[in-house]
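*Asks:*
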Amino acid sequence: MKDWVNHWLRFATSLWKLFNEKDCRQRAAALTYLTLFGIVPLVTVSYAMLSLFPDFAGLQSKFQDQLFSHFLPQSGREVQKYISSFSEQAQRLTGVGIAMLIITSGLTLRGIEGTFNSIWDVSRGRSGVSSFLLYWAILSLGPILLGAGLATSTYVFSQKLFLGGADSFEVTSVFLRVLPFIFSTIVFTLLFIAVPNCYVPLRHGIEGGIIISIAFEVMKYLFGLLVARSSVQAIYGAFAVVPLFLLWIYLMWILVLAGCVLVRTLSVYQAATQEREHSDLVAVLIVLWHMYKKCSLGRSLRERDISLIGIKFAQWRRLRKILQKHRVITQTDRNEYVLLRDLNTIPLVEMAAWLSAEWMPSGIPIDLEGLPWYTEVEQRFTSARESAREQLGITVGELFQAARQNDNDGGPLGLGHDGSEKDEVSEDKNETAGENQKERREDSSGGLSFVGMRNKCLR
């Protein structure tokens, strides 16, 4: 029981740290402003998409009611009236105005995608056709799916009226009560999975969608109580709808970003007992060693693998920036990592200098030359630098090749963290050929050739 509690405490701590490190509160504030800027264009475009289908004709008012009842508390009815009025006026715009609406909608969605990518540490956002297809899918399929949901709920409700007393178990009543929660779960799940420009495990996306949907319903209920019992209306009068709406949108984005952080943490978190305190140099060598072995099999290294080999997530985020800066590794479209540079070209002493610019002082500052101990210290540092260059002149590739050869000869294992190197390689080799081919195709879409990477690894 104690271990279980400690496990979830560590998980909650990791979640809170990542939420703060990603500045989610500031990002939620920025997205609140962006939402105010883009909500009318988004609703207008959604109405236009819905009107293209004759079966959904006349559902605009139900669309509004369903949308605002799900995503706004009871106090948001005034906001619904204003947005509906603005949207009706926007539908009478000319071609140039409609084009501006679509562009504004695209910019809003792009800002949301950029925030999600930042949480997932994805440096490259979508561009070109992939970006267009995602935004078009959101603007077109979203209203269509909602229309289908409205039609379904209308049909179920009509069946309830038709059955009358025959529905003794009140199955339809239960379904109608659960339907909003199902709808919210689907929306949040798709948001967490589809928006980031990387691979997100479906299971973690569904788990995050369910948890955030529950939290969303609780937050909506509590916000309604707060508004009903507060004196905001008495202070602001008719103007109270503005600060309340701003506060609600901000809380909504806080919840959504917390859900994104939750899904990210679920994807990479491992029990803290598997993490060890390593120096930066040792941590980098451990990661590159595992990446080197994966590369020789034509595979990439996942963030979950990095947690499993004992590297703290916060330390890895910092070291990853250094390795990417010097083009040692690169990130694929699946948010996995492969070698980009031949390790035989990286001396160990050079890598040590990357990780700490002051790991070996290059000399004594000139303003200290008058001190009596200056000459002695300068000579010792010069001797130490020459010795370090000699001892650390070996390249990372040579180090790993010697370790691999020693491993194959039955000698001590290389830079493993738990003595399970052979088991790991065997496990990689035993994975199905179909899965290997699938991952190669997907990772190759990130602009990488696994054949070229493998040749570099085996030099």
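Sequential numbering from 3 applies to the sequence shown in the working numbering. Heads up, the beta-carbon is just placed ideally off N, CA and C, and yes, glycines get one too. Given the structure is predicted, the values throughout are model-derived calculations rather than measurements.
1. Is residue 390 near the ligand HEM, going by C-beta to nearest heavy atom under 7 Å?
2. Report yes or no: do three or more beta-carbon pairs, one from the segment 350 to 358 and one from the segment 393 to 411, lie closer than 8 Å?
3. Using C-beta distances below 6 Å, list every residue in its chain close to residue 401, excluding the 5 sequence neighbours before and after it, in chain order.
4. Would you decide whether residue 27 is buried or exposed? Buried here means 16 or more other CB atoms lie within 10 Å of its CB.
5. Given a threshold of 16 other Cβ atoms within 10 Å of its Cβ, counted over all protein chains shown, does residue 287 qualify as buried or as exposed?
6. Does DSSP classify residue 263 as helix, strand or coil?
7. Would you say the segment 324 to 337 touches the segment 261 to 268, given that touching needs at least three Cβ pairs under 8 Å?
8. Might you give, ordered along the chain, the residues of its own chain that have their beta carbon closer than 8 Å to the beta carbon of residue 377, omitting 5 neighbours on each side?
9. Could you check where the alpha helix (DSSP H) with residue 15 kicks off and where it finishes?
10. If residue 270 and residue 305 are in contact, beta carbons under 8 Å, what's the gap, nearest whole angstrom?
11. With a 10 Å radius around its C-beta and 16 neighbouring C-beta atoms as the bar for buried, classify residue 199 as buried or exposed.
12. To test your reading of the DSSP string, which unbroken alpha helix (DSSP H) runs of 4 or more residues are found completely within the segment 294 to 349?
13. In or out: residue 6 buried (at least 16 other Cβ within 10 Å) or exposed?
14. Using the beta-carbon count (16 or more within 10 Å), is residue 327 buried or exposed?
15. Can you tell me whether residue 179 is buried or exposed, with buried defined as 16 or more other CB within 10 angstroms of its CB?
16. Taking C-alpha atoms, which residue in 385, 374, 399, 323 lies nearest to residue 124?
17. Can you tell me which residues form a DSSP beta bridge with residue 397?
18. Tell me which residues share the same chain as residue 285 and place their Cβ nearer than 7 Å to its Cβ, disregarding the 5 neighbours each side in the sequence.
19. Output needed for residue 205: all residues of its chain with C-beta closer than 7 Å, excluding positions within five of it in sequence on either side, in chain order.
*Replies:* Reading off the structure:
1. Absent from the structure shown: the ligand HEM. Ligands present: none.
2. yes
3. By 1-based counting over the sequence shown, the position of residue 401 is 399. Hits under 6 Å: none found.
4. Taking the sequence shown and counting its residues from 1, the one referred to as residue 27 is at position 25. Answer is exposed; the Cβ neighbour count stays below 16.
5. Residue numbering aside, residue 287 sits at position 285 when the sequence shown is read from its first letter. Under this definition residue 287 is a buried residue.
6. In the sequence shown, residue 263 corresponds to position 261, counting from 1. Three-state result, residue 263: helix.
7. no
8. The residue you call residue 377 lines up with position 375 of the sequence shown. Answer for residue 377: no residue qualifies.
9. If you number the sequence shown from 1, residue 15 lands on position 13. Counting along the chain, the alpha helix (DSSP H) containing residue 15 begins and ends at 4 to 23.
10. Numbered from its first residue, the sequence shown carries residue 270 at position 268. Numbered from its first residue, the sequence shown carries residue 305 at position 303. Confirmed, Cβ separation roughly 4 Å.
11. Counted from its first residue, the sequence shown places residue 199 at position 197. Buried, by the Cβ-count rule.
12. 305 to 310, 315 to 327
13. The sequence position of residue 6 within the sequence shown is 4, counting from 1. Answer is exposed; the Cβ neighbour count stays below 16.
14. Taking the sequence shown and counting its residues from 1, the one referred to as residue 327 is at position 325. Exposed, because fewer than 16 other Cβ atoms sit within 10 Å of the Cβ of residue 327.
15. Working through the sequence shown from its first residue, we reach residue 179 at position 177. Exposed, since its Cβ has fewer than 16 Cβ neighbours within 10 Å.
16. The residue labelled residue 124 in the question sits at position 122 within the sequence shown. Answer by Cα proximity: 323.
17. The residue you call residue 397 lines up with position 395 of the sequence shown. For residue 397, which the question treats as bridged, DSSP gives the partners 349.
18. For the purposes of this step, residue 285 is taken as the residue at position 283 of the sequence shown. Excluding sequence neighbours, residue 285 sits near 313, 317, 321.
19. As a position in the sequence shown, residue 205 is number 203, starting the count at 1. Excluding positions up to five away in sequence, the list is empty.
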